[in-house]
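Below is one structure, written out as structure tokens, with a few remarks after it.
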């Protein structure tokens, strides 16, 4: 089951990617997927990270479905 | 959201006056407008230019949430927020927030609240480019 994970700013620099597609098993929670990605790209953990699922800030408890859009980014700095 | 509320992301220079005028209804006595722009020196280090990036669809949703929340909390009529993206030179406007209200106090309070919350929750990031390198600025969580 494919899902999309987006990176912005510092997290796209760390991963070298703006988007990756990840194949996961159905019924996983967001937290597991984010943890798995941080394990894959350990330099992400250096940053203060925020997470979203389908363009809403994530609690981590969300059950991830086919085609969901997740994102990992650093604490925001607009303004 | 009222007909005069609006939120935008743009790569074009922002015309502050047009933002301020767009939010004004006939019954309002005050518009408070914040003009946020690019500083040349941050903690003693000279910035050559800035680059802003957004998670655009989520940023627009978060900006809309802020407008709705501000209108619940403060006695204000209309709110406009425009944030610039892409490369910005020193002194260029990065963000404009205009708030109209019948009385100025609520407009000042709402404008201050909006910029504080925008800096905390709207997914936009700033890269500072120096003579000897560049860094993505990380906010507070």
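Residue numbers (this note's numbering), protein chains in the order written: chain A, 1 to 79; chain B, 1001 to 1141. Cβ coordinates follow ideal geometry from the N, Cα and C atoms, glycine included.
With a threshold of 7 Å between beta carbons, is residue i in contact with chain A?
i                       : result
residue 1139 of chain B : yes
residue 1087 of chain B : no
residue 1124 of chain B : yes
residue 1061 of chain B : yes
Judging by CA-CA distance, which residue of the options is the nearest neighbour of residue i?
i                       : options                           : result
residue 1069 of chain B : B/1029, B/1115 and B/1052         : B/1115
residue 1113 of chain B : B/1075, B/1084 and B/1090         : B/1075
residue 1093 of chain B : B/1008, B/1139 and B/1014         : B/1014
residue 1064 of chain B : B/1106, B/1122, B/1126 and B/1087 : B/1122
residue 1048 of chain B : B/1140, B/1024 and B/1088         : B/1088
residue 9 of chain A    : B/1054, B/1001 and B/1004         : B/1054
residue 1084 of chain B : B/1130, B/1110, B/1108 and B/1037 : B/1037
residue 1062 of chain B : B/1131, B/1006 and B/1134         : B/1006
residue 1086 of chain B : B/1041, B/1120, B/1009 and B/1130 : B/1009
residue 1004 of chain B : B/1137, B/1131 and B/1099         : B/1099
Please name the residue or residues paired with residue i in a DSSP beta bridge.
i                       : result
residue 1032 of chain B : B/1099
Give a yes or no on whether the minimum CB-CB distance between residue i and chain B is below 7 Å.
i                     : result
residue 78 of chain A : yes
residue 9 of chain A  : yes
residue 55 of chain A : yes
State buried or exposed for residue i, treating a residue as buried only when at least 16 other CB atoms are found within 10 Å of its CB.
i                       : result
residue 1078 of chain B : buried
residue 1103 of chain B : exposed
residue 1128 of chain B : buried
residue 1106 of chain B : buried
residue 77 of chain A   : buried
Enumerate, from N- to C-terminal direction, the unbroken beta strand (DSSP E) stretches of 3 or more residues contained entirely within the region 26 to 64 of chain A. With a minimum length of 3 residues, the continuous beta strand (DSSP E) runs that stay inside the region 26 to 64 of chain A are 49 to 53.
In chain order, what are the residue ranges of uninterrupted alpha helix (DSSP H) at least 4 long that sit wholly in the region 1011 to 1060 of chain B? 1016 to 1022, all fully within the region 1011 to 1060 of chain B.
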